[in-house]
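S.K.: Chains as they are written, first to last, in this note's numbering: chain A, 14 to 214; chain B, 14 to 214.
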């Protein structure tokens with residue numbers, strides 16, 4: 014079977030794949046994401062460009078050595094048309110969570126899938142709405158002390174303690190963790206002749 | 014701090030609590046759920062009765078020994094008004110998944126929370142819609158070989174390989190795993206003066 018390369022250093026993305034019993038290797042693309050964010054203001058365009066760039070970067074590096082499917086992904090939070098990234102410190106995490114508090118925001122993931130020795134690349138986006146219950150400033154600060162905000166778009170982790178204050182989601186639930194699994198499954202099945210339900214049998 | 018007792022033997026429910034860094038003990042209520050299902054045909058009524066009975070059973074057993082919050086929960090799948098339970102074997106798992114395939118079903122959880130030495134018991138329900146993509150019979154059978162169907166309402170596990178074919182959810186995402194975390198958080202905060210964001214700080 015082909016190898017699967019996840020062109021992302023996200024621990025969360027890797028964990029969803031592991032739970033689905035999919036074997037993969039990660040490839041850290043070390044992109045300067047901020048540069049992209051300066052150049053591309055539309056959220057859907059941005060996540061597609063980042064996902065594609067991550068996938069292509071990994072593909073170019075490994076093409077001579079491996080026979081592999083490469084998956085790139087990038088996720089942003091969108092609120093009132095504003096792209097909300099990752100917090101750099103606790104103060105910024107508080108500002109972000111205070112904005113999201115008691116409201117519904119959008120999680121948008123771009124996913125790009127390609128294959129070594131194949132010019133085909135499929136790029137798509139998936140959107141999920143996420144609604145928070147209302148927390149006091151004190152509660153937001155207690156949540157931040159946990160450290161879950163680190164490295165996460167929107168400064169929270171739905172699989173962990175933030176599950177306590179996420180009231181509703183509408184869309185793909187794995188998309189909120191950074192990798193819309195049904196979309197990946199459908200693209201691989203339709204475009205790359207790889208069926209992940211079959212893979213480990 | 015009070016102890017938290019989860020009156021459920023579900024590994025999935027326990028894992029959500031663990032991921033939220035909440036300390037708890039489980040108490041297996043060993044209820045004859047089938048008896049309830051014969052007597053109560055309305056899904057909302059059924060899950061409330063089961064959650065309440067689990068919580069009260071545990072409370073009566075431990076009241077003399079512990080100072081504790083007790084949480085009972087029960088989840089059913091509802092499709093076209095029909096309650097769909099757990100499969101007993103692979104054949105039944107296939108029948109269930111074949112029904113859910115390509116469609117939207119409802120996950121309904123009843124949650125009951127009470128406290129030792131306090132007559133108060135709060136019972137509520139949470140509904141989440143779950144939509145599957147369309148799988149072939151062969152794919153359904155491959156999924157079943159995984160064994161995730163065992164002991165799960167609806168014969169699938171959203172956190173595991175079934176993430177590949179769950180396109181959309183609308184509602185609480187932890188409810189799909191059997192414990193609507195925001196609802197538990199809100200009831201404990203409002204009715205039992207326990208704030209789970211504060212608990213481990």
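No residue lacks a Cβ here, since even glycine has one placed at the ideal position from N, Cα and C.
#1: Can you tell me which of 85(A), 187(A), 75(A) puts its alpha carbon nearest to the alpha carbon of residue 120(A)?
#2: Report yes or no: is there a C-beta of chain A within less than 8 Å of the C-beta of residue 27(B)?
#3: Which one of 49(A), 122(A), 84(A) has the shortest CA to CA distance from residue 207(A)?
#4: Would you mind giving the Cβ-Cβ distance between residue 183(B) and residue 131(B), rounded to the nearest angstrom? I have them listed as a contact below 8 Å.
#5: Please list the residues of the region 167-184 of chain B that have a C-beta atom closer than 8 Å to any C-beta atom in chain A, keeping them in chain order.
#6: Just tell me which of 101(A), 66(A), 95(A), 53(A) has its CA closest to the CA of residue 86(A).
#7: Within 8 Å, do at least three Cβ pairs link the region 90-105 of chain A to the region 15-35 of chain A?
#8: Taking residue 74(B) as the reference, which of 129(B), 109(B), 62(B) has the closest Cα?
#9: Considering residue 56(A), what are the terminal residues of the beta strand (DSSP E) in which it resides?
#10: Using a cut-off of 9 Å between C-beta atoms, extract the partners of residue 67(B) located in chain A.
#11: So, is residue 181(A) buried or exposed, given that buried needs 16 or more other C-beta atoms within 10 angstroms?
#12: Using a threshold of 8 Å, state whether the C-beta atoms of residue 177(A) and residue 192(B) are closer than that.
#13: For the region 92-152 of chain B, list the beta strand (DSSP E) runs that are entirely contained and at least 3 residues long, ordered along the chain.
#14: What residues in the region 103-116 of chain A have a beta carbon less than 9 Å from any beta carbon of chain B?
#15: Cβ closer than 8 Å: which chain B residues qualify as neighbours of residue 186(A)?
#16: Short check: CB of residue 63(B) to CB of residue 44(B), under 8 Å?
#17: Give a yes or no on whether the C-beta atoms belonging to residue 125(B) and residue 166(B) are separated by under 8 Å.
#18: Do residue 17(B) and residue 81(B) count as a contact pair if the criterion is CB distance below 8 Å?
#19: Does residue 206(A) come out as helix, strand or coil in the three-state DSSP assignment?
#20: What residues match up with residue 184(A) in a beta bridge as DSSP calls it?
#21: Scan the region 140-151 of chain B for residues whose Cβ lies nearer than 7 Å to a Cβ of chain A and list them as they occur along the chain.
#22: Measuring alpha carbon to alpha carbon, tell me which of 189(A), 113(A), 35(A), 199(A) ends up nearest residue 147(B).
#23: So, for residue 27(A): in the same chain, excluding its five sequence neighbours on each side, which residues have a beta-carbon less than 7 Å away from its beta-carbon?
#24: Output the boundary residues of the alpha helix (DSSP H) element that contains residue 51(B).
#25: Answer with yes or no whether the minimum CB distance from residue 195(B) to chain A is below 8 Å.
#26: Select from 185(B), 137(B), 114(B) the residue whose C-alpha is nearest the C-alpha of residue 150(B).
#27: Suppose you measure from the CA of residue 162(B) to the CA of residue 171(B); what does that come to, to the nearest Å?
M.R.: The answer reads as follows:
#1: Ranking 85(A), 187(A), 75(A) by CA distance to the CA of residue 120(A) puts 187(A) first.
#2: Cβ-Cβ to chain A under 8 Å: no for residue 27(B).
#3: 84(A)
#4: With 8 Å as the limit, residue 183(B) and residue 131(B) do not qualify as a contact, their Cβ atoms being about 35 Å apart.
#5: 171, 172, 173, 174, 176, 177, 178, 179, 180, 181, 182, 183, 184
#6: 66(A)
#7: no
#8: 129(B)
#9: Run containing residue 56(A): none in the beta strand (DSSP E); it sits in the alpha helix (DSSP H), 56-75.
#10: The contacting residues do not exist; residue 67(B) stays about 21 Å from chain A at best.
#11: buried
#12: no
#13: 95-97, 117-128, 131-145
#14: none
#15: Result: 171, 176, 179, 182, 186, 189.
#16: yes
#17: no
#18: Going by C-beta atoms, residue 81(B) is nearer than 8 Å to residue 17(B).
#19: coil
#20: 182(B)
#21: 146
#22: 199(A)
#23: 19, 39
#24: 46-52
#25: yes
#26: 114(B)
#27: 11 Å
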